[in-house]
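Trainee: With numbering that gives the first Met the number 0, the residue at position 162 of the sequence shown is 161, and numbering never jumps. C-beta: ideal position from N, C-alpha, C; glycine also.
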Amino acid sequence: MSLNPKTYEESLERAARYAEKRKAKLAERQHSKPRFGRFRALQTAGDVLPPEGGNGIPDALNASRTKPHRRRRPLRPRRYNTNPTVDGDSLRAVKDECDTLVRSVIALRDEQCVTCPAREELHVGHLFRRGHEHVRYDLRNVSAQCDPCNSRHNEHPEFYIERFVMTHGEQAYADLRAEAHKRGKLSYVEMLAIRDELRQTLVEMTANAASR
Ligand SMILES: [Zn+2]
Numbered sequence: 000m001s002l003n004p005k006t007y008e009e010s011l012e013r014a015a016r017y018a019e020k021r022k023a024k025l026a027e028r029q030h031s032k033p034r035f036g037r038f039r040a041l042q043t044a045g046d047v048l049p050p051e052g053g054n055g056i057p058d059a060l061n062a063s064r065t066k067p068h069r070r071r072r073p074l075r076p077r078r079y080n081t082n083p084t085v086d087g088d089s090l091r092a093v094k095d096e097c098d099t100l101v102r103s104v105i106a107l108r109d110e111q112c113v114t115c116p117a118r119e120e121l122h123v124g125h126l127f128r129r130g131h132e133h134v135r136y137d138l139r140n141v142s143a144q145c146d147p148c149n150s151r152h153n154e155h156p157e158f159y160i161e162r163f164v165m166t167h168g169e170q171a172y173a174d175l176r177a178e179a180h181k182r183g184k185l186s187y188v189e190m191l192a193i194r195d196e197l198r199q200t201l202v203e204m205t206a207n208a209a210s211r
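(1) Kindly list the residues whose CB is nearer than 7 angstroms to the CB of CYS274, restricted to its own chain and excluding five residues on each side of it in sequence; keep chain order.
(2) Compare the beta carbon distance of LEU197 and VAL101 with 8 angstroms and say whether it is the shorter of the two.
(3) State whether the region 165-175 contacts the region 192-206, with contact taken as three or more CB pairs (one from each stretch) at a distance under 8 angstroms.
(4) Using only the heavy atoms of ligand 1, determine whether one of them is closer than 7 angstroms to the beta carbon of PRO156.
(5) With respect to the alpha helix (DSSP H) encompassing HIS167, which residues constitute its N-terminal and C-terminal limits?
(6) Where does VAL93 fall in DSSP's three states?
(7) Ligand 1 and THR114: does the residue's C-beta get closer than 7 angstroms to at least one heavy atom of that ligand?
(8) Quick one: residues in its chain with C-beta nearer than 6 angstroms to the C-beta of THR84, no 5 flanking neighbours on either side, listed in chain order?
(9) Where LEU2 and PHE163 are concerned, what is the direct C-alpha to C-alpha distance, given to the nearest angstrom?
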């Protein structure tokens, strides 16, 4: 059973091949004709011959650029919602809260990395990646996982899969997989239901942990 038939070596090879190709393309472009935009600008700038020893662009054209290139503003991470939501809040805010709730539940439930004996610095590890929205907040699909195991999971999901099948069985894995590959997105109402269920679970688990 393999989700990702690529091996690590194969993907390294592919990356190297791609880098080769890209280098060749860039080298070729250096020797090719000016691109269309500049070519047309040269025509419309009139019959101004490029000065000897210049940069090959007529003075008229160099002078026409009065403003320096505008720098692109660096991307900033969006603000993450840390407050409990009420019905009517944005879908994004509700999803943020669900992520937080999942994190809290996992922190109470799991004490050890799902794929190794690590007990420190654990994060939420998704068996089917977070992009699979239908199982993103499904507590079967998430476990505590350490950073190295979490990074390895991209290329080698087999460790986590094996662990899951050992604990829950083949059938549970098949069910979860089917759920993960469902089409469509979760609706707003479905998200609210998931949020409420997670809140309930967290309340129960916190009470259990306190009584122990
Ligand atoms: Zn680990």
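Mentor: Quick look at the numbers:
(1) The question about residue 274 has no answer here: the residues shown for the chain are numbered 0 through 211.
(2) In this structure, VAL101 lies closer than 8 angstroms to LEU197 by Cβ.
(3) Result no; under three Cβ-Cβ pairs closer than 8 angstroms.
(4) For ligand 1, not one heavy atom lies less than 7 angstroms from the Cβ of PRO156.
(5) First-last of the alpha helix (DSSP H) with HIS167: 157-167.
(6) In the three-state reduction of the DSSP assignment, VAL93 falls in the helix class.
(7) For ligand 1, at least one heavy atom lies less than 7 angstroms from the Cβ of THR114.
(8) Same-chain partners within the cutoff: ALA92, VAL93 and GLU96.
(9) Reliability fails at LEU2, whose pLDDT of 46 lies under 50, so the model's placement of it is uncertain and the value that follows must be treated cautiously. Cα to Cα, LEU2 sits roughly 14 angstroms from PHE163.
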